Structures are given as C-alpha cells and as structure tokens.
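Colleague: Residue numbering for the sequence shown follows our numbering, starting at 2 and increasing by one per position.
The beta-carbon is built from N, C-alpha and C at its ideal position, and this holds for glycine as well.
If you're wondering where the values come from, they're calculated on a predicted model, not measured in any experiment.
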Amino acid sequence: MYGPVIQGKLVRLRPPKPSDADVMITWFEDMEVTHFLGRRNPLNLEAQNEWLDKVARDPDSVLWVIEHDGRAVGTTGIHEIDWKYGRGTTGTLIGDKKVWGKGLARELMQLRARYAFTELPLRKLEAGYFDGNEASGRAQAAAGYKVIGRRREEVFAGGRWLDLILTEVLRSDWEKAQPKARLKKAQPPRKRP
Ligand SMILES: CC(C)(COP(=O)(O)OP(=O)(O)OC[C@H]1O[C@@H](n2cnc3c(N)ncnc32)[C@H](O)[C@@H]1OP(=O)(O)O)[C@@H](O)C(=O)NCCC(=O)NCCS
Numbered sequence: 002m003y004g005p006v007i008q009g010k011l012v013r014l015r016p017p018k019p020s021d022a023d024v025m026i027t028w029f030e031d032m033e034v035t036h037f038l039g040r041r042n043p044l045n046l047e048a049q050n051e052w053l054d055k056v057a058r059d060p061d062s063v064l065w066v067i068e069h070d071g072r073a074v075g076t077t078g079i080h081e082i083d084w085k086y087g088r089g090t091t092g093t094l095i096g097d098k099k100v101w102g103k104g105l106a107r108e109l110m111q112l113r114a115r116y117a118f119t120e121l122p123l124r125k126l127e128a129g130y131f132d133g134n135e136a137s138g139r140a141q142a143a144a145g146y147k148v149i150g151r152r153r154e155e156v157f158a159g160g161r162w163l164d165l166i167l168t169e170v171l172r173s174d175w176e177k178a179q180p181k182a183r184l185k186k187a188q189p190p191r192k193r194p
C-alpha cells in the first residue's frame, strides 16, 4: 500500500503517482546515489511502473514519495511488515543529490517512526546501512535507531566489500525519547473537581 500524506517542515511524504516513475528511474542511473544500496541498476519505465503497482497492492508495505519544494526527490517506506509480531523494515532513497545534506533524511525518518508507532500497531522498525554511509547512520540514530549488529561483507561497491550495520528502534524506546510536552498534549483534559 501507499502511505498517506505526512507534512513536515522540510519534506512532504505522499503516496506515489504513476508520473513519478519517470524521475525514479533516473535516480538509479547515478552510481554515487546507489553506492550504498543493494540495488544498483535502473529499471525501464515499464518495470518501474510494475514495481509501483506491485507495492500498491502489497498489504505488508507502506511506500511514500519524498517531496521537497514541491518536487519528488526520493522514496521511503516500511516493508516486509509482519503484523503478527509488529515488525517492519525501513528504507530510504533520496535520489536527487542536490538536496543531500539539508536534513531531509533526519526529518523524514522521525516522521516515519511517528507514523509507525502512533498510526500503525508496530512494535519495532528494523533497518541497516552499509559501512561508510555516515549520513544514513546519523539520520537513523536521530530517529531513535540503535546499532544491534553487523553482517560482514554483504555487498561489493567501489572495489571493496561493505559490511551491513544492522539497526532497530523499539516502540518503547521511541516513546521514552519523545518530549514530555508532546506526550502530555495527547492526553485528554483533566476534569475539574
Ligand atoms: C543517506 C541519505 C538518506 C541521507 O539523506 P540526507 O537528507 O542527505 O541526510 P541529512 O541531511 O538528513 O543528514 C543526516 C545526518 O548525516 C549528516 N551528514 C549528511 N551528509 C553527510 C556526509 N556526506 N557525511 C557525513 N555525515 C553526513 C548530517 O550532518 C546529519 O547529521 P546530524 O543530524 O547529526 O547533524 C541520502 O543521502 C540518500 O538517500 N543517499 C542515497 C541512498 C542511500 O544511501 N540510502 C540509505 C540506505 S541505508
């Protein structure tokens, strides 16, 4: 399925549209963009549309397009959701290099975690990043993800094998990290005696 609109300060997460496929395939043309990704080759337009269609019908995925300044600049999602145990795997691609380093990932990962823990009955988000992807690691940490392990030599890129650093954020840890004022706001007003 596709995710509903979530408005942040820097990003707007919204459901994908068929017209997004044109720009999506260009993101995979650039080996700098895909350096730290498992998939490193572009699809053709037909295959990209098939993928978008497949995800739309998948009840165990939530996919958003990331918009910045009214433009589609990437995608993010929660995939392989196990509804019985409340787990899902998150991933992000900001394909437009011009907007890297502006805090988009930092904000969107926090919005995505809030959605997973307040709008979905999820208990844990699992993720990872390849060794050297400092920006991804820092953005995940800001959203509450903790490093829990490492899979050695998982992919080959730029002439060397890269380890996959495994991360996860538990709902209970995420709740503890929320500012008290924000949690208080969500409580119903007290009755006066
Ligand atoms: C990795 C990616 C998601 C980061 O997105 P971004 O919007 O550029 O990241 P942000 O601007 O929110 O930065 C997040 C943190 O990383 C830091 N950072 C940004 N670029 C960095 C860089 N090149 N090197 C080191 N740290 C960097 C920021 O200072 C920030 O840290 P802080 O909040 O502690 O100050 C984005 O570059 C991307 O999609 N890359 C291609 C695909 C990819 O690697 N996806 C992730 C797979 S796990």
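Hey, would you say I166 sits closer than 9 Å to G138, going by beta carbons?
Modeller: Yes, the Cβ-Cβ distance between I166 and G138 is below 9 Å.
Colleague: Alpha carbon to alpha carbon, how far is A57 from F157? Give it in angstroms, no decimals.
Modeller: Between F157 and A57, the C-alpha separation is close to 30 Å.
Colleague: Quick one: what's got a C-beta closer than 7 Å to N42's C-beta in the same chain, skipping five residues either side?
Modeller: Same-chain partners within the cutoff: F29.
Colleague: Let's test the definition: count the other Cβ atoms within 10 Å of the Cβ of M32 and tell me whether it reaches 16, buried, or not, exposed.
Modeller: Answer is exposed; the Cβ neighbour count stays below 16.
Colleague: Does DSSP put K18 in a helix, a strand or coil?
Modeller: In the structure shown, K18 sits in coil (DSSP, three-state: anything other than H, G, I, E or B).
Colleague: Would you kindly check if the distance between the Cβ of L121 and the Cβ of V170 is under 9 Å?
Modeller: Result no, Cβ atoms of V170 and L121 do not sit closer than 9 Å.
Colleague: Would a C-beta distance cut-off of 9 Å place R88 and L123 closer than the cut-off?
Modeller: It is a contact, given that the beta carbons lie within the stated cut-off.
Colleague: Can you tell me which of Y130, P16, N134, I7 puts its alpha carbon nearest to the alpha carbon of L53?
Modeller: Per the Cα distances, P16.
Colleague: Roughly how far, in whole angstroms, is the beta-carbon of D21 from the beta-carbon of V74, given that I think they are within contact range, below 8 Å?
Modeller: Actually they do not touch by this definition, with Cβ atoms about 11 Å apart.
Colleague: In this structure, does DSSP put A144 in helix, strand or coil?
Modeller: In the structure shown, A144 sits in coil (DSSP, three-state: anything other than H, G, I, E or B).
Colleague: Would you say L109 and T90 are within 9 Å of each other, going by their C-beta atoms?
Modeller: Going by C-beta atoms, L109 is not nearer than 9 Å to T90.
Colleague: Cα separation between L11 and L163?
Modeller: C-alpha separation (whole angstroms): 31 Å.
Colleague: How would you label G81, buried or exposed, when you count the other beta carbons within 10 angstroms and need 16 or more for buried?
Modeller: Inspection of the sequence shows that residue 81 is occupied by Glu rather than by Gly. Answer is exposed; the Cβ neighbour count stays below 16.
Colleague: Does the beta carbon of L64 fall short of 8 Å from some heavy atom of ligand 1?
Modeller: Flag unset: Cβ of L64 not near ligand 1.
Colleague: N70: which of K99, M2, G159, L38 sits nearest, CA to CA?
Modeller: Reading off the sequence, residue 70 comes out as Asp, not Asn. It is K99.
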